[in-house]
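Student: One structure follows; several queries about it will come next.
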Amino acid sequence: MAWYKFGLGMYLLSFITLRIKDSVLSIPRIGIWISQLMERMGEKMYDVDPLDFKLSDPSLKELIFGGEASLWTEFVNSNTLCSILWPRASPIGERLWTYKSSPRDTMKSRLQEHECRLLRRGYPVQPLNGPGFFWNEVFDNKNNVTKDTLIHIWVGNYTSKVNEVTKAGLQVIMSEGWYLNYISYGSDWNNQYKIDPQRFNGTEAQKRLVVGGEACMWGEFVNNRNLSPRLWPRASSIGERLWSSVLVNDTKKASPRIQEMQCRLIQRGYDVEPIIGPGFLSLYL
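Counted from 1, the sequence shown has number 36 at position 36 by UniProt numbering; the numbering is strictly sequential.
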């Protein structure tokens, strides 16, 4: 996960890890900040219209992904379809505010259904390579989605949510419980390590529909000074969980591996924080 400034505004880029057969695929997700906040961060304002946005422009793909643009799948963010994020006088806000007279839940459901409908028609968001992703609210609000859609479970009780979505025959990725902006005194990595997206009361066929997860961080209290130490090596525990068997779940055995990762990062010049407790690194440095 890293911050990038393109001169257009500030974006948060995080990575989703999918386990596909015997491979691990990382997919970048671009979070676009609220328009008023972007005005303060850059010299120019650049609104990305959630109702009219395709990541198909070659220059934009090159800017974000370099020469590897064809390898990535676009993440469809239904939260951008919310009228409160856009000034009513703007072209985007004018369209979104037409839903303002509806109750909030109804409005959100209608917006998400509108997004689903546009996606099924191939517009405005066209996946670069593979299926589209939706937040779990799209599923919760009973929107119709195609069977090749992946549902991103980010809020709610993950065991019941994963069971519900996979029972409907849809694939799942998960980040609920893995938001690293939540911190506490002492070691908290072991709580994240114990979360397993496939540990729910479902059939083996359902569990095979759980294809990955995401370590992520909201940026309200994060900047370039504390991003790296807050992420690492805490995110390593989530990485190990995602590529490990469900039988690998002993935090005492995992602790030396996480600490070794911490030492390697320090050796390579990264600012990371101790998450196991006091120790020494002379063996590695």
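Just so it is clear, CB atoms sit at the ideal spot from N, CA and C, and this is done for glycine as well.
Going by beta-carbon coordinates alone, are Asp-188 and Ile-275 separated by less than 9 Å?
Tutor: Here residue 188 refers to the residue found at position 188 when the sequence shown is read from its first residue. Here residue 275 refers to the residue found at position 275 when the sequence shown is read from its first residue. Yes, they are a contact pair.
Student: Between which two residues does the alpha helix (DSSP H) containing Gln-267 stretch?
Tutor: Residue numbering aside, residue 267 sits at position 267 when the sequence shown is read from its first letter. Run containing Gln-267: 251-267, per the alpha helix (DSSP H) assignment.
Student: Tell me the residue span of the beta strand (DSSP E) that contains Phe-134.
Tutor: Within the sequence shown, the letter at position 134 stands for residue 134. Counting along the chain, the beta strand (DSSP E) containing Phe-134 begins and ends at 133-135.
Student: Could you give the first and the last residue of the continuous beta strand (DSSP E) run that contains Gln-171?
Tutor: Numbered from its first residue, the sequence shown carries residue 171 at position 171. 171-174 is the span of the beta strand (DSSP E), which, as asked, contains Gln-171.
Student: Enumerate, from N- to C-terminal direction, the unbroken alpha helix (DSSP H) stretches of 4 or more residues contained entirely within the UniProt domain "Glycoside hydrolase family 20 catalytic" (133-245).
Tutor: As far as the UniProt domain "Glycoside hydrolase family 20 catalytic" (133-245) is concerned, its whole alpha helix (DSSP H) runs of at least 4 residues are 136-140, 158-167, 189-193, 204-207, 227-231, 234-243.
Student: Please classify Tyr-193 as buried or exposed, where buried requires at least 16 other C-beta atoms within 10 Å of its C-beta.
Tutor: One-based indexing of the sequence shown puts residue 193 at position 193. It is buried - the Cβ of Tyr-193 has at least 16 other Cβ atoms within 10 Å.
Student: For Pro-229, which residues of its own chain have a beta-carbon under 7 Å away from its beta-carbon, when the five flanking residues on both sides are left out?
Tutor: Position 229 of the sequence shown, counted from the first residue, corresponds to residue 229. Around Pro-229: Asp-271, Val-272, Glu-273.
Student: Roughly how many angstroms lie between the CA atoms of Gly-279 and Gln-267, to the nearest whole one?
Tutor: In the sequence shown, counting from the first residue as 1, residue 279 sits at position 279. In the sequence shown, counting from the first residue as 1, residue 267 sits at position 267. Taking the straight line joining both Cα atoms gives about 15 Å.
Student: Use the C-beta contact count for Thr-166: other C-beta atoms within 10 angstroms, 16 or more gives buried, fewer gives exposed.
Tutor: Working through the sequence shown from its first residue, we reach residue 166 at position 166. By the 10 Å Cβ count, Thr-166 comes out buried.
Student: Taking the alpha-carbon positions, what's the Leu-63 to Asn-223 distance?
Tutor: For the purposes of this step, residue 63 is taken as residue 63 along the sequence shown, with counting starting at 1. For the purposes of this step, residue 223 is taken as residue 223 along the sequence shown, with counting starting at 1. For Leu-63, the predicted structure reports a pLDDT of 47, less than 50, and the residue's modelled location is therefore unreliable. A value from the coordinates is still provided. C-alpha separation (whole angstroms): 22 Å.
Student: Between which residues of its own chain and Asn-181 is the CB-CB distance below 8 Å, once the five residues before and five after are set aside?
Tutor: The residue given as residue 181 occupies position 181 in the sequence shown. Excluding sequence neighbours, Asn-181 sits near Met-217, Trp-218, Gly-219, Glu-220, Phe-221, Val-222, Arg-230.
Student: Going along the chain, which residues of its own chain have a beta-carbon closer than 7 Å to the beta-carbon of Tyr-179, five neighbours each way excluded?
Tutor: Locating residue 179 in the sequence shown gives position 179, where the first residue counts as 1. Answer for Tyr-179: Cys-216, Met-217, Trp-218, listed in chain order.
Student: Return the CA-CA distance between Val-145 and Ile-153, expressed in angstroms with no decimal places.
Tutor: Against the sequence shown, residue 145 aligns to sequence position 145. Against the sequence shown, residue 153 aligns to sequence position 153. One C-alpha to the other measures close to 15 Å.
Student: When you compare only the Cα positions, how much space is there between Arg-199 and Cys-263?
Tutor: One-based indexing of the sequence shown puts residue 199 at position 199. One-based indexing of the sequence shown puts residue 263 at position 263. Their backbone Cα atoms lie some 31 Å apart in a straight line.
Student: Tell me, please, whether the stretch 202-213 touches the stretch 247-257 by the rule of three or more beta-carbon pairs shorter than 8 Å.
Tutor: No, because fewer than three Cβ pairs between the stretch 202-213 and the stretch 247-257 fall closer than 8 Å, the two stretches do not touch.
Student: Counting only the same chain and skipping the five closest in sequence on each side, list residues whose C-beta sits under 6 Å from that of Thr-159.
Tutor: Reading the sequence shown from its first residue, position 159 is the one you call residue 159. Hits under 6 Å: Phe-200.
Student: Would you grab the beta carbon distance between Ile-258 and Glu-214 for me? Rounded to a whole angstrom, and I think it's under 8 Å.
Tutor: In the sequence shown, counting from the first residue as 1, residue 258 sits at position 258. In the sequence shown, counting from the first residue as 1, residue 214 sits at position 214. 19 Å between Cβ atoms; not a contact.
Student: Does the Cβ of residue 286 have 16 or more other Cβ atoms within 10 Å, making it buried, or fewer, making it exposed?
Tutor: Because the chain is modelled from 1 through 285, residue 286 falls outside the range shown and cannot be assessed.
Student: Since Ile-151 and Asn-163 should fall inside the 8 Å C-beta cutoff, what is the C-beta to C-beta distance between them, to a whole number of angstroms?
Tutor: Taking the sequence shown and counting its residues from 1, the one referred to as residue 151 is at position 151. Taking the sequence shown and counting its residues from 1, the one referred to as residue 163 is at position 163. 12 Å between Cβ atoms; not a contact.
Student: Closest to Val-211 by C-alpha separation, out of Glu-260, Lys-142, Asn-191, Gly-169, would be which residue?
Tutor: The residue given as residue 211 occupies position 211 in the sequence shown. Closest option to Val-211, Cα to Cα, is Gly-169.
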